[in-house]
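Asks: So the sequence shown is residues 1 to 129, counted in full-length UniProt numbering.
Note that CB positions come from ideal geometry on N, CA and C, so glycine has one too.
Next up is a structure, given as structure tokens.
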Amino acid sequence: GELHVDLMSWVGLMTKSLKNIAEALDMKEDVAELGKNLDAIEHNLNDLHWSEKDGCFCDATIDDFEEHQLVCHKGYVSLFPFMVGLLKPNDPRLGKILDLIADEEQLWSPHGIRSLSKQDEFYGTGENY
């Protein structure tokens with residue numbers, strides 16, 4: 001199976017939005033339930049999608065033997081948990097994400113952030129990211 005970091009990030013953002021709406025409507029039970037769901041999503045992002053080796057969030061796969069493997073293509077997909085506000089200001093991963101964004105050999109360009117790292121095997125091929 002495939003586990004997509006961008007999809008999980010969107011689910012986290014929507015859960016966070018629903019929790020904020022429930023708070024505004026004083027729906028305490030829903031706030032508690034959505035808070036638990038959001039905590040689980042954040043935990044899964046960190047546990048299943050973070051690559052300490054690559055210093056970024058990555059997609060993941062589960063093979064036929066139920067082995068977890070990260071599939072890292074540094075790019076905007078790697079930034080999704082940060083972009084949708086699922087990283088806390090004191091998260092130790094934040095510095096690595098900001099370094100990735102600022103690195104001219106990775107994502108930073110004179111025109112903004114690249115969708116795919118200059119160092120990636122697929123950069124400049126096919127769809128020419």
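#1: What span of residues does the alpha helix (DSSP H) with T61 cover, start to end?
#2: Using the three-state DSSP reduction, which class does E105 fall into: helix, strand or coil?
#3: From which residue to which residue does the alpha helix (DSSP H) around H73 run?
#4: With E23 as the anchor, note down where its alpha helix (DSSP H) starts and where it stops.
#5: How would you write the range of the alpha helix (DSSP H) that D30 sits in, first residue to last?
#6: With distances taken between CB atoms, is the gap from L34 to G75 smaller than 8 Å?
#7: Going by DSSP, what residues sit across from L116 in a beta bridge?
#8: For the putative contact between F82 and I97, defined by C-beta atoms under 8 Å, what is the C-beta separation to the nearest angstrom?
#9: Should the segment 58-69 be called in touch with the segment 1-16, which here means at least 3 C-beta pairs below 8 Å?
#10: Evaluate contact between the segment 95-112 and the segment 34-48, counting only Cβ atoms and requiring at least three cross-stretch pairs below 8 Å.
Replies: According to the structure shown:
#1: Counting along the chain, T61 falls outside any alpha helix (DSSP H), though it belongs to the beta strand (DSSP E) covering 59-62.
#2: coil
#3: Unbroken run through H73: none, as it is neither H nor E.
#4: 5-24
#5: 28-44
#6: no
#7: G75
#8: 5 Å
#9: yes
#10: no
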